[in-house]
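Taking the numbering used here, I'd label the letters of the sequence shown as residues 19 to 327. Yeah, the Cβ is synthetic: ideal placement off N, Cα and C, and Gly gets one too.
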Amino acid sequence: MSSAALAKADKRARVLVTPEGIAVPVKVASRASRFGALALDFMFLNIALVLFQILLSLTIGGAVEDLADAADQSISGAAEFLVVIRILFVFIAWYGYFLVQELGPRGATLGKRAVGIRIAARGGGRLTPEAVIARNLLRDIEIFYPLIFIIVTLITSAAGIDGGSMIWAALLWFLVFALFPFFNKDAMRAGDVIAGTWVIDAPRTKLAEALSTQGAAADATSDTTGVRYDFGEDELSVYGEHELQTLERLLREARPEALAAVHATICRKIGWDPGAGDERAFLEAFYAQLRAKLEGDMRFGKRKADKHS
């Protein structure tokens, strides 16, 4: 199905073309799901900060009492240490939470996974650290700096200091970026535009029996030709979790032209020439054996995110 036909059938449907030339249908995440994921992530972060503060209070003991009395007496060394530790934790948690999870194989934070969405590179390639860092740094400029500006201006106004037009400038700053996703068809925020990313649906789905590592595919024998497909360690090592997920999606969609294209790509990559006509059996066997290898490696603490790892 062409991208025009997909768009006509579903306004959020898009076609992502991988560097290998494989067209993969995707669906752009809704604005509501993105907002829900962000709200969940903030909730998880705040819970972590509260728990960490409680842990610090219990561990350091009297430092919290020293800090409470700081208005009347100098802050003790223990209280200063507590403040420094908390600031460092907030900084690491704030940036590390998003960066570590979005750079993982799933390309999603806990909030995104909960609502069934993930980040992807618009060009269909690998999601790079530079892109993830850029989109997350832009989030501060888009949302939190103007919010902090607004809060500080309101506090100073309540204290009798006239903020003048500053509050309106901060509000305009916030609204421009907050409403940005409503003015482009892919619901991208400014960070996505700069980083070359978008957020797409990643619904939880169970594999069909044909894709199960316990099913016929794992036996590596074609029902059509009777040929047995067994792949060696070197052949399976060329791909990782990202390619496995892409292959899983293509097998589930079962579009003949896509299966033929990915079959040719894999054969060229691993140096096989099994001929045409049995693409699905070949790909099911490759999928099952690659999945089994990756799962086995993970049990020993080894992970291969994608073919570049």
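{"Check": "Whole-angstrom distance between Gly258 and Val280, CA atom to CA atom", "Outcome": "15 Å"}
{"Check": "Leu308 beta carbon less than 7 Å from that of Leu262", "Outcome": "yes"}
{"Check": "Beta-carbon gap between Arg52 and Val217 smaller than 7 Å", "Outcome": "yes"}
{"Check": "Spatially closest choice to Gly143 from Ala31, Ala213, Asn202, Phe195, by CA coordinates", "Outcome": "Ala213"}
{"Check": "Same chain, Cβ closer than 6 Å to Lys29, neighbours up to 5 away in sequence not counted", "Outcome": "none"}
{"Check": "Beta-carbon proximity of Thr215 to Ala149, cut-off 7 Å", "Outcome": "yes"}
{"Check": "Three-state secondary structure (DSSP) of Leu34", "Outcome": "strand"}
{"Check": "Segment contact flag, the region 119-139 with the region 184-203, C-beta cutoff 8 Å, min 3 pairs", "Outcome": "no"}
{"Check": "Pro164, buried or exposed, once every other Cβ within 10 Å from all chains shown has been counted against 16", "Outcome": "buried"}
{"Check": "Assigned secondary structure, Ala152 (DSSP; H/G/I helix, E/B strand, else coil)", "Outcome": "helix"}
{"Check": "For Val102, three-class secondary structure by DSSP", "Outcome": "helix"}
{"Check": "Counted within 10 angstroms of its Cβ, other Cβ atoms place Arg298 as buried (16 or more) or exposed", "Outcome": "buried"}
{"Check": "Neighbourhood of Ile342 by C-beta, 7 Å cutoff - its chain only, sequence neighbours within 5 removed", "Outcome": "Shown here, the chain extends from 19 to 327; a query on residue 342 therefore has no answer."}
{"Check": "Cβ-based burial, His260 [other Cβ within 10 Å; buried from 16]", "Outcome": "buried"}
{"Check": "Same chain, Cβ closer than 6 Å to Arg157, five either side skipped, listed in chain order", "Outcome": "Gly209"}
{"Check": "Per DSSP, the bridge partner or partners of Asp330", "Outcome": "The first residue shown for the chain is 19 and the last is 327, placing residue 330 beyond what the model contains."}
{"Check": "N- and C-terminal bounds of the alpha helix (DSSP H) containing Asp210", "Outcome": "208-213"}
{"Check": "N- and C-terminal bounds of the alpha helix (DSSP H) containing Arg131", "Outcome": "128-133"}
{"Check": "Buried versus exposed call for Thr77 [16 or more other C-beta atoms within 10 Å across all chains shown]", "Outcome": "exposed"}
{"Check": "Under 7 Å between C-beta atoms of Arg140 and Ala126", "Outcome": "no"}
{"Check": "From Arg32, Pro43, Leu197, residue whose alpha carbon lies closest to that of Arg273", "Outcome": "Pro43"}
{"Check": "Beta-carbon gap between Ala205 and Val46 smaller than 7 Å", "Outcome": "yes"}
{"Check": "Residue burial classification, Ile105 (beta-carbon count within 10 angstroms, cutoff 16)", "Outcome": "exposed"}
{"Check": "Option in His326, Ile159, Lys311, Phe70 with minimal Cα separation from Glu251", "Outcome": "Lys311"}
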